[in-house]
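Residue numbers (full-length UniProt numbering): 1 to 270.
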């Protein structure tokens with residue numbers, strides 16, 4: 001199959017507000033087939049402890065292949081956790097056969113180096129580049145409150161072959177602005193995609209915090225507890241980033257609730 005478009009090229013092509021969705025493998029084909037909007041790409045999560053790296057016929061890969069068959073651009077998550085080189089070699093061949101050319105490389109939750117051929121994500125990025133050249137566009141995670149040491153590690157990943165950064169979810173523009181400044185000072189010049197979680201109320205936000213282990217300031221929590229509309233908070237966050245930081249692409253962590261995310265997107269006007 002003809003390869004999809006690389007994330008970096010998709011971002012370059014965007015002249016105004018654009019977006020992408022992160023979904024988990026449980027998202028149904030019916031939901032995807034009936035979308036009312038056109039995201040630039042879908043990111044498909046893959047937790048190695050749930051879908052082990054022993055078989056290529058597993059739900060994350062089936063979902064990624066299905067999306068590609070619908071001419072959607074796909075960003076497949078891939079962790080070091082439980083990953084061995086022979087499996088990765090077969091995986092690379094499979095992804096190339098289906099035109100999947102974007103990977104988001106992470107270490108993995110509960111990672112145990114004794115169960116992997118890769119001691120860190122830098123090693124994994126390097127191996128993929130050695131095996132496949134420039135076929136894959138590779139993303140790496142950006143942690144907004146990174147120490148100087150972590151920023152140095154991020155820069156090393158980019159030197160090895162990472163092409164873009166995607167941040168964890170955040171709820172205050174100052175965090176993202178400070179992270180961009182750290183990247184600028186470190187001479188990190190790849191695209192940085194802000195991660196956004198669209199929520200309506202405290203219950204949804206609390207679930208996301210516990211599931212994804214993100215930090216939320218007491219100020220934001222108090223606002224939401226006091227019945228401030230989460231949709232309005234998120235819209236204001238996006239508008240501030242768009243207008244003040246010259247950032248036009250936003251990546252939405254949907255938790256497979258695409259309806260709520262799309263509802264918010266439709267309310268944005270740029």
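Just so it is clear, CB atoms sit at the ideal spot from N, CA and C, and this is done for glycine as well.
Source: prediction; values computed, not measured.
Residue range of the beta strand (DSSP E) that includes residue 51 = For the purposes of this step, residue 51 is taken as the residue at position 51 of the chain shown. Careful: residue 51 lies outside any beta strand (DSSP E) and carries neither H nor E.
key: Where residue 236 falls: helix, strand or coil (DSSP)   = Indexing the chain shown from 1 puts residue 236 at position 236. The three-state secondary structure of residue 236, taken from DSSP, is helix.
Backbone CA spacing between residue 125 and residue 183 [nearest angstrom] = Indexing the chain shown from 1 puts residue 125 at position 125. Indexing the chain shown from 1 puts residue 183 at position 183. Using only the alpha carbons, I get a separation of about 20 Å.
query = What number of angstroms, rounded off, separates the C-alpha of residue 82 from the C-alpha of residue 141?
reply = Position 82 of the chain shown holds residue 82. Position 141 of the chain shown holds residue 141. Cα to Cα, the separation comes out at about 19 Å.
ask   = Does the Cβ of residue 64 have 16 or more other Cβ atoms within 10 Å, making it buried, or fewer, making it exposed?
value = The sequence position of residue 64 within the chain shown is 64, counting from 1. Result: buried.
key: residue 137: first and last residue of the uninterrupted beta strand (DSSP E) it sits in   = As a first step, residue 137 must be located in the chain shown, where it is residue number 137. First-last of the beta strand (DSSP E) with residue 137: 137 to 142.
task = Jot down the residue ranges of each uninterrupted alpha helix (DSSP H) in the segment 36 to 89, minimum 4 residues, whole runs only, in chain order.
result = Here the runs fully enclosed are 59 to 69.
ask   = Taking Cβ to Cβ, would you say residue 193 is nearer than 8 Å to residue 235?
value = For the purposes of this step, residue 193 is taken as residue 193 along the chain shown, with counting starting at 1. For the purposes of this step, residue 235 is taken as residue 235 along the chain shown, with counting starting at 1. No; because the gap between Cβ atoms is not below 8 Å, this pair is not in contact.
Residue of 162, 8, 56 minimising C-alpha distance to residue 93 = Indexing the chain shown from 1 puts residue 93 at position 93. The residue with the shortest Cα to Cα distance from residue 93 is 56.
request  = For residue 27, I'd like the list of residues in its chain whose CB is within less than 6 Å of its CB, leaving aside the five on either flank, ordered along the chain.
outcome  = Your numbering for residue 27 matches position 27 in the chain shown. For residue 27, same chain residues with a beta-carbon under 6 Å away, outside a window of 5 residues either side, are 256 in chain order.
query = Ordered along the chain, which non-local residues of its own chain (more than five positions away) have a Cβ less than 7 Å from that of residue 241?
reply = Taking the first residue of the chain shown as position 1, residue 241 is located at position 241. Cβ within range, chain order: 173, 176, 194, 247.
N- and C-terminal bounds of the beta strand (DSSP E) containing residue 220 = Counting from one through the chain shown, the residue named residue 220 turns up at place 220. Per DSSP, residue 220 lies in no beta strand (DSSP E); the unbroken alpha helix (DSSP H) holding it starts and ends at 218 to 225.
inquiry  = Taking the beta strand (DSSP E) that residue 102 belongs to, which residues open and close that run?
reply    = The sequence position of residue 102 within the chain shown is 102, counting from 1. Bounds of the beta strand (DSSP E) holding residue 102 are 102 to 106.
ask   = Since residue 168 is in the beta strand (DSSP E), which residue starts that stretch and which ends it?
value = Translated into positions along the chain shown, residue 168 becomes position 168. First-last of the beta strand (DSSP E) with residue 168: 164 to 169.
key: When 253, 89, 79 are compared against residue 115, the one with the closest alpha-carbon   = On the chain shown, residue 115 is found 115 positions in, with the first residue counted as 1. Per the Cα distances, 79.
query = Hey, quick one: how far does the alpha helix (DSSP H) through residue 179 stretch, first residue to last?
reply = Counting from one through the chain shown, the residue named residue 179 turns up at place 179. 173 to 185 is the extent of the alpha helix (DSSP H) around residue 179.
request  = Would you list the residues sitting across from residue 354 in a DSSP beta bridge?
outcome  = Residue 354 lies beyond the range of the chain shown here (1 to 270); nothing can be said about it.
ask   = Shortest alpha-carbon distance to residue 238 belongs to which of 169, 218, 225?
value = Indexing the chain shown from 1 puts residue 238 at position 238. Measuring C-alpha to C-alpha distances from residue 238 to each of 169, 218, 225 identifies 169 as the nearest.
query = Which residues in the same chain as residue 196 place their Cβ atom closer than 6 Å to its Cβ, once the five residues preceding and following it in sequence are excluded?
reply = Taking the chain shown and counting its residues from 1, one reaches residue 196 at position 196. Taken in chain order, the residues that qualify are 250, 252.
ask   = residue 180 and residue 245: beta carbons closer than 8 Å?
value = Position 180 of the chain shown, counting from 1, holds the residue named residue 180. Position 245 of the chain shown, counting from 1, holds the residue named residue 245. Result yes, Cβ atoms of residue 180 and residue 245 sit closer than 8 Å.
query = DSSP puts residue 196 in a beta bridge; with which residues?
reply = The residue labelled residue 196 in the question sits at position 196 within the chain shown. Residue 196 is bridged to 252.
ask   = Is there contact between the segment 154 to 164 and the segment 220 to 227, where contact requires at least three CB pairs shorter than 8 Å?
value = Flag = no, the segment 154 to 164 and the segment 220 to 227 do not touch.
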